[in-house]
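Following this note's numbering, the numbering of the sequence shown begins with 1180 at its first residue and continues without gaps.
Ideal placement from N, C-alpha and C gives every residue a C-beta, glycine not left out.
These numbers come from a predicted model, not from an experiment.
Structure, as structure tokens:
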Amino acid sequence: MIGLALVASGLPSAEAAAATPAGADVRYGEHIRPILSDRCFKCHGPDAATRQAELRLDAFDVVTADRGGYAVVVPGDAESSELWRRINATHADDIMPPPHSAKKPLSDDEKRLVRRWIEAGAEYEPHWAYVTPQRPPLPDVRNADRVRTPIDRFILARLDAHGIDPAPDASAETVIRRLFLDVTGLPPTPDEIDRFLEDDDADAYERWVDRLLTEEPYRSRFAEHWATSWLDAARYGDTSGIHMDNGRQIWLWRDWVLAAFRDNLPYDRFVVEQIAGDLLPDATVEQKIASGFNRNHVTTDEGGAISAEYLVEYAVDRVSTTSSVFLGLTAGCARCHDHKFDPISQEEFYELTAFFNSVDEPGLYSQTADANRAYEPFLEVPTPEQQETLHTLDTRIESLEAEMATVPPEEVEERDAYLRALRTQSGVRWTLPEVVEATSSDERVTLEPQDDGSLLATGPMPDQENYVVRLRTPESALRLVLIEALPTPGAGPGAGRASHGNAVISRLAVETRAAGSDAPWQPITMRWAWSDHNQLDRDFEATNLIRRDDTLGWAADGNQFAGQRLLCLLAEEPFGFEAGTELRLTFEFRSPFFKHSLGRVRLRLGTISEDGLAMLPATLGRWRVAGHFPVANRGAAFATEHGPELLTSIAAPVAFGADGKAFRFDATLVDERVVRLPGGVGSNYVARTIFTPTARLMKVSLGSDDGYRLFVNGVEIAKEEVDRGAAPDQSVATVPLRAGMNSLVMKIVNTGGPSGYYFRVVRDERAPLTPGLVSGLVPPEILGTGQAEELAAVYRRLVSPAYRKAETALAEAQAARADLQKLVPRTMVMKDLQTPRDTYVLIRGQYDHPDTTRPVTANVPAVLGRLADDVPKNRLGLAQWMMTPDNPLVARVAANRMWQLVFGTGLVRTSDDFGFQGEWPSHPELLDWLAVELRERDWDTQHLLRMILTSSVYRQQSRVRGDVAEADPDNRLLAWFPRQRLSAEQIRDQALYASGLLRERLGGPSVKPYQPAGLWREVAMPNSNTRTFQRGDEDELWRRSLYTYWKRASPPPSLQTFDAPTREACVVRRPITNTPLQALVLWNDEQFVEAARMLATRTLDDAPDDDTRLVRMFRRCTGRTPEPAELTLLRAGLAEFRTRYSAAPDDAEGLLAVGVAPRPEDVPPPELAAWTVLASSILSLHESITRD
């Protein structure tokens, strides 16, 4: 009789048809629409693109319209209705749904339903979920004594309708354990159970409900348990997913969710702040953090990914998640076309997308080695202690910078004395030679001697020319030639004649002979060159002028650095003659850049001592790069030589490998910064020339991704075969340099992913000169203002004791600030562009096919009511619309989710789909009553939860009632309480809690408890910053599962075994599976074995005798006292385990070695091992991991 009486609530269409009695009313929404949606809407539904025969079966006016002598539906006359004829047809051309549609024909019961509906008038009614809920009256019931809350009336009324009596209350032990698990996620302790059992007050249970919701530590535990499902819905993860799956920081949003649940934040604020907290007027830090809800989606940093494509993907994800979580709609189905089932057009989908399409974010994120990065836009949220320390450091830094900006008089005196001593120690002595003759190869140009000894070029500016200057001096034993490139009065800003001031000496020849002699000119070979400035955009180093293989020369840039220039050359050997020396300098201005001659030049000659030569710094040429040279596998990458290893002249036009790759200049290759290179398995080479006045050793600091080999003048001097990402100062090498030119080649070996290198010369504090101090060797009076200031600045940085002390203190303060800044929590938030992006309907949902004839603006689907004119057309407007009293979905969806979290299944089973394809509510009036109650009680979720928890339907027995189960196997009528396995997090947390290991602290960063080794490496890209799993410290091992680090490509394996999702997408309903692997986790996982050992240790301390211990252990895990027969089994098991481990003490030691928690020293290993295995058995019981 019960089976005949059951109505179709919550059943699929075929079952609904079979379960609907002949006398019951047939409703379109409850009975007919599910059939049509399942079989017909794909071709005859809302989607105009796939609609056939211009027929919409979801529209009454269409199905009843005259279609040329017939109508699809004739109300009251099934035989005249084309729908009835087609579903009963037998010919393949006539039957609906057609055979090729892959849809099953209607069953006889379904056909009878359709006929009864037509004959009853074929009334169409609006879809229940799209109608604003109204509070229904409380029904009268037979078993009024079972009514504890209004909820019970709706449940009992349904049971009454089918002649079913309610189940009795569960035992006190059962119901208190059920309550603790549902509210806090943790079981009650034996002492808490006893307190409840011993309390005879009528409201004892209700007071425990209030205590769990409002008192610590329970309210924090409640927050941690209830937040877990919200993290599923919000797709929270600690990594970005997609490709690198790099780490990212957004745990502060999780902390916000925890605080919201703990403090019972009204649901309207909970929604608004997560959707648009950043847009609220005068938004607080917490409200901005809340907006991170829509930053939880996966992001990409895959090289070659298209930013515009992923901006669309992110916006679409936000639409799908927001609509699913808050509205219970599958809006994402309308991305490519009108929704097949629900009244959401493609255009309306992109109107929703417009709310989320203007976030100030890149589509393609960069890759970094920082696994704690927060992807932009983000917010820094220092703790109060950090804020205070940062303020102190900022004050200290400001004070030191002010001190360093002031040059005290005593420092000027110290500097002048230092530079005088430097010139004396170096033996540098300058002479201003006589200009004998100065000509240009262009006869129109005159080089006129000036009173200060310089030569001024006058006349027209030829495209190219040579200057030839003859000098005479009585000096001999000369080694230095100093060229002063001076600005031309009234001309450009630099040393060149042209208006831009640029000059390029493409070649310079220096020759000598005895003064007054007609002997042939003898070329002077130069060993070393230096200049105070080189043009930076190309390889225009001063040392180019002394290289035979160079074609570029030296350039001075007048645009970027105005003023005069110094160029100094060191001869290979001393030159000059006792009776006087004559020199001839030939300046060639024949670069590809026309009109780049010097405008005014002065020449000096100088001597230098051997000590002075040792003082001169090495000059390093600019970097060049060759590559990438791919190889077949990682093993060959390090050993395979491609040719540059033996190179002794970098500028020589030599090609390497089958592709003919040669070294090329790259201005982005700079020192003291990590430089990125082409990735992939293989090698890149970087090279430079180094000129030194004397042979010496140079210490360098290196970094590489991955390994490196270092060659100097064709000889390998250092190597390191490692797998790592490039970072500063990873390795140190000592480079032997000969006097003159040296070639340095660094081979960067990459085993996969990106590549890069780092290079820094380590300053030798014993060497007095650096390139910046060489200008201190020239007469101070010839320095220009800018040169003198630069020299003074270099002196301060490298020599001045007071300045260096302040600089060291500043560096320490800045480093401390930087280190602290790295620890400052960051969190990803929403932030809109000032100018919104245009949004268009995308043809087939493809990012690169916008239909520019169909622009859209932010709005909501018409079936739900459009935004009011005075509502902002942004996320804040969307959130405010959601919480309006006439919104039909938000309150229903929230109430249904709460019901689902308590009973395992929502009143609407399809909690993510309240649309046409979703199930009809099992108790529609109850759902509406709860929705209105939530809304009218100021969105107080704990009020609603308390009402559920104190109801009779919640407190009833869970024993399956066979007579009812036959007709209602899914217990949709709630004739008994639905027993359910604990969630993955609850199972782990219960083991930690029962064992005494659980470390309770609300909030904080994610932690990394035990997991099998190597899992992350198996799924990670070679350069992912989450490739290597590093287990946390002890406290991290034992925190609640909510805080476990969630790597999307490899979620926590023990949790995933118990059905935790990957969090790559929104999940509002976890599946529940039962697999053998779950038992293996409970028996063998390190976390559970350790918990069993600590539960055993705790139990041994609980009581002096075995029986008391066994009862105590059993109660901790199951919440009840064992029956006598069960206690007998426990005694026998313990005896067997004692015998087993007494005979095998090594096995006992092996078992007890699992986990890092300390072992008691006063318990024999075989005894502790026996209790450990018994504890493991009880923790693994079905009863222990099930909420009864």
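Quick one: is residue i buried, meaning 16 or more other Cβ sit within 10 Å of its Cβ, or exposed?
{"i": "alanine 2348", "result": "buried"}
{"i": "aspartate 1496", "result": "buried"}
{"i": "methionine 1180", "result": "Because the pLDDT at methionine 1180 is just 24, under 50, the model does not fix this residue reliably, and the point stays unresolved."}
{"i": "glycine 1675", "result": "buried"}
{"i": "lysine 1519", "result": "buried"}
{"i": "valine 2069", "result": "buried"}
{"i": "alanine 2270", "result": "buried"}
{"i": "leucine 1876", "result": "exposed"}
{"i": "serine 1696", "result": "exposed"}
{"i": "threonine 2287", "result": "exposed"}
Helix, strand or coil: how does DSSP classify residue i here?
{"i": "histidine 1404", "result": "helix"}
{"i": "arginine 1608", "result": "strand"}
{"i": "leucine 2360", "result": "coil"}
{"i": "leucine 2353", "result": "helix"}
{"i": "asparagine 1443", "result": "coil"}
{"i": "serine 1862", "result": "strand"}
{"i": "isoleucine 1523", "result": "coil"}
{"i": "tryptophan 1700", "result": "coil"}
{"i": "tyrosine 1249", "result": "coil"}
{"i": "histidine 1712", "result": "coil"}
{"i": "tyrosine 2019", "result": "strand"}
{"i": "proline 2345", "result": "helix"}
{"i": "arginine 1218", "result": "helix"}
{"i": "tyrosine 1887", "result": "strand"}
{"i": "tryptophan 2155", "result": "coil"}
{"i": "phenylalanine 1754", "result": "strand"}
{"i": "leucine 1745", "result": "strand"}
{"i": "aspartate 2367", "result": "coil"}
{"i": "glutamate 1540", "result": "coil"}
Within this structure, are the beta carbons of residue i and residue j separated by less than 9 Å?
{"i": "proline 2188", "j": "arginine 2218", "result": "yes"}
{"i": "aspartate 1480", "j": "glutamine 1546", "result": "yes"}
{"i": "serine 2355", "j": "valine 2268", "result": "yes"}
{"i": "valine 1647", "j": "serine 1685", "result": "no"}
{"i": "aspartate 2030", "j": "leucine 2021", "result": "yes"}
{"i": "leucine 1762", "j": "tryptophan 1733", "result": "no"}
{"i": "tyrosine 1982", "j": "glycine 1955", "result": "no"}
{"i": "serine 1136", "j": "arginine 2167", "result": "Residue 1136 lies beyond the residue range present for the chain, which begins at 1180 and ends at 2367; the question has no answer from this structure."}
{"i": "arginine 1726", "j": "alanine 1971", "result": "no"}
{"i": "threonine 1798", "j": "alanine 1708", "result": "yes"}
Compute the Euclidean distance between the alpha carbons of residue i and residue j, then round it to the nearest angstrom.
{"i": "arginine 1398", "j": "proline 1316", "result": "33 Å"}
{"i": "leucine 2353", "j": "threonine 2252", "result": "26 Å"}
{"i": "valine 1591", "j": "alanine 1967", "result": "12 Å"}
{"i": "serine 2210", "j": "arginine 1903", "result": "With the sequence shown as reference, residue 2210 is identified as arginine, and serine is not the correct amino acid for it. Using only the alpha carbons, I get a separation of about 19 Å."}
{"i": "proline 2034", "j": "glutamate 1492", "result": "18 Å"}
{"i": "glutamate 1616", "j": "proline 1753", "result": "24 Å"}
{"i": "glutamate 2340", "j": "glycine 2334", "result": "16 Å"}
{"i": "proline 1345", "j": "aspartate 1339", "result": "9 Å"}
{"i": "tryptophan 1409", "j": "proline 1980", "result": "59 Å"}
{"i": "proline 1556", "j": "lysine 1467", "result": "11 Å"}
{"i": "glutamate 1194", "j": "valine 1241", "result": "At glutamate 1194, the pLDDT of 47 sits below 50, so the modelled position is not reliable and the matter cannot be decided from this model."}
{"i": "leucine 2086", "j": "valine 2003", "result": "44 Å"}
{"i": "leucine 1634", "j": "leucine 1764", "result": "13 Å"}
{"i": "alanine 1758", "j": "valine 1614", "result": "17 Å"}
How close, in whole Å, do the beta carbons of residue i and residue j come, if the pair is a contact with beta carbons under 8 Å?
{"i": "threonine 1873", "j": "methionine 1920", "result": "That pair is no contact at about 13 Å."}
{"i": "proline 1156", "j": "aspartate 2119", "result": "Coverage of the chain is limited to positions 1180 through 2367, which leaves residue 1156 absent and any answer about it impossible."}
{"i": "glutamate 1969", "j": "methionine 1583", "result": "In fact, because the Cβ distance is near 16 Å, the residues do not count as touching under 8 Å."}
{"i": "asparagine 1681", "j": "aspartate 1736", "result": "6 Å"}
{"i": "alanine 2173", "j": "leucine 2274", "result": "6 Å"}
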